[in-house]
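K.L.:
Sequential numbering from 13 applies to the sequence shown in my numbering. Backbone N, C-alpha and C define an ideal beta-carbon position, used for all residues, glycine too.
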Amino acid sequence: MTIGKLYGLGVGPGDPELITVKAFRKLQECPVIAYPKKLRGSKSYAHRIVDVYINPAEKEMLGLVFPMTKDEEVLQIAWEKAADEIYGYLAEGKDVAFVTEGDPMLFSTFIHLLGLMKTKYPEVPIETVAGISSFNGSANRLGIALAEGDDHVAMIPATENMEQMRQVIESHDAIVFIKVAKVIDEMLDLLDEMKLLDKTHVVTKVTSDEEVIWNTDELRGADLNYLSCMVVRK
């Protein structure tokens with residue numbers, strides 16, 4: 013039996029209309045749709061994006077649990093289990109579409125799985141389908157051009173190392189920070205000190221029906237969703 017093909021589908025930042033024609037076609041063609049989730053019985057953000065395009069009665073839905081933890085041992089067990097489950101379908105000759113928000117090759121859930129599949133099951137054919145990232149979505153929803161001419165742009169996760177964040181901001185014309193929720197107050201302090209608060213914008217769940225575009229004076233102490241981007245444009 014011919015082994016199935018694994019597709020890593022980028023399904024965009026939140027608006028179902030922002031998935032590509034190719035991603036839509038693969039959703040229709042693949043008999044198995046895999047999606048990441050934090051807890052058993054829950055739906056992922058990526059799953060909700062593509063819900064409108066999927067008839068569950070016609071597909072095998074494979075929810076893969078990836079716990080929100082930094083424990084490498086726990087994560088490795090989850091990744092190994094996910095790879096084995098996916099391979100079970102591929103070995104039956106079924107193509108599997110793994111959906112991930114944004115782009116599959118940019119800060120995505122699919123990247124680690126891709127490396128593991130290549131190592132553990134090298135015979136599996138794999139194709140990734142590009143998607144619109146939250147960086148692109150945020151810039152467009154905010155009406156902010158990230159770059160033109162010789163501008164320097166950075167796209168990085170925000171960390172607690174404010175000196176590093178300062179260096180990144182100082183050396184670029186535009187910066188998009190992801191994972192900013194956990195350090196929002198520290199980032200605001202830094203940007204205030206650098207006199208860049210008026211150049212700072214934050215958007216949560218961009219382009220989705222749950223999108224929130226924040227005023228900077230409302231951000232301090234706010235309970236930001238994990239899916240929040242901060243755009244600093246000098």
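#1: Out of curiosity, what's the CA-to-CA distance linking C42 and R178?
#2: Kindly indicate which three-state DSSP category I133 falls into: helix, strand or coil?
#3: For D163, which residues in the same chain have their Cβ closer than 6 Å to its Cβ, ignoring the five residues on either side in sequence?
#4: Where Y19 and V136 are concerned, what is the direct C-alpha to C-alpha distance, given to the nearest angstrom?
#5: Excluding the 5 residues flanking K38 on each side, which residues of the same chain have their C-beta closer than 7 Å to its C-beta?
#6: Where V86 and P79 are concerned, what is the direct C-alpha to C-alpha distance, given to the nearest angstrom?
#7: Would you list the residues sitting across from Y19 in a DSSP beta bridge?
#8: For a quick check, are the C-beta atoms of M174 and E198 less than 7 Å apart?
#9: Does the segment 94 to 107 come within contact of the segment 144 to 163, defined as at least 3 CB pairs closer than 8 Å?
#10: Taking the alpha carbon of Q40 as the point to measure from, which residue in D63, P48, G24 has its own alpha carbon closest?
#11: Where does H213 sit, in a helix, a strand or coil, going by DSSP?
#12: V23 and A58 - do their beta-carbons sit closer together than 7 Å?
#13: If we ignore side chains and look at the alpha-carbon of each, how far apart do K49 and K211 end up?
#14: Can you say whether G25 is buried or exposed, counting buried as having 16 or more other CB atoms within 10 angstroms of its CB?
P.N.:
Looking at the atomic coordinates:
#1: On the sequence shown, residue 42 is found 30 positions in, with the first residue counted as 1. On the sequence shown, residue 178 is found 166 positions in, with the first residue counted as 1. Put simply, the backbone Cα of C42 is about 45 Å away from that of R178.
#2: By one-based count along the sequence shown, residue 133 stands at place 121. Here residue 133 is Tyr; the residue named in the question, Ile, does not match the sequence. Here Y133 carries a coil assignment [DSSP, helix/strand/coil].
#3: Taking the first residue of the sequence shown as position 1, residue 163 is located at position 151. Contacts found: D185.
#4: Residue numbering aside, residue 19 sits at position 7 when the sequence shown is read from its first letter. Residue numbering aside, residue 136 sits at position 124 when the sequence shown is read from its first letter. Distance from the CA of Y19 to the CA of V136, rounded to the nearest whole angstrom, comes to 10 Å.
#5: Your numbering for residue 38 matches position 26 in the sequence shown. Excluding five sequence positions before and after K38, the CB atoms of its chain that fall closer than 7 Å to its own CB belong to Y19, L21, A109, V141, given in chain order.
#6: The count along the sequence shown starts at 1 and reaches residue 86 at position 74. The count along the sequence shown starts at 1 and reaches residue 79 at position 67. Distance between the alpha carbons of V86 and P79 is about 8 Å.
#7: For the purposes of this step, residue 19 is identified with residue 7 of the sequence shown, where counting begins at 1. Beta-bridge partners of Y19 (DSSP): A109, E139.
#8: Your numbering for residue 174 matches position 162 in the sequence shown. Your numbering for residue 198 matches position 186 in the sequence shown. Cβ atoms of M174 and E198: closer than 7 Å.
#9: In short, these stretches do not touch, since the Cβ pair count stays below three.
#10: As a position in the sequence shown, residue 40 is number 28, starting the count at 1. Comparing Cα positions, the closest option is D63.
#11: Indexing the sequence shown from 1 puts residue 213 at position 201. It is a strand residue.
#12: Position 46 of the sequence shown, counted from the start, is the residue given in the question as residue 58. Position 11 of the sequence shown, counted from the start, is the residue given in the question as residue 23. In this structure, V23 lies closer than 7 Å to A58 by Cβ.
#13: By 1-based counting over the sequence shown, the position of residue 49 is 37. By 1-based counting over the sequence shown, the position of residue 211 is 199. Near 34 Å, if we compare the C-alpha coordinates of K211 and K49.
#14: Counting from 1 along the sequence shown, the entry for residue 25 is found at position 13. Sequence check: residue 25 is Pro here, not Gly. By the C-beta density criterion, P25 is buried, having at least 16 other C-beta atoms within 10 angstroms.
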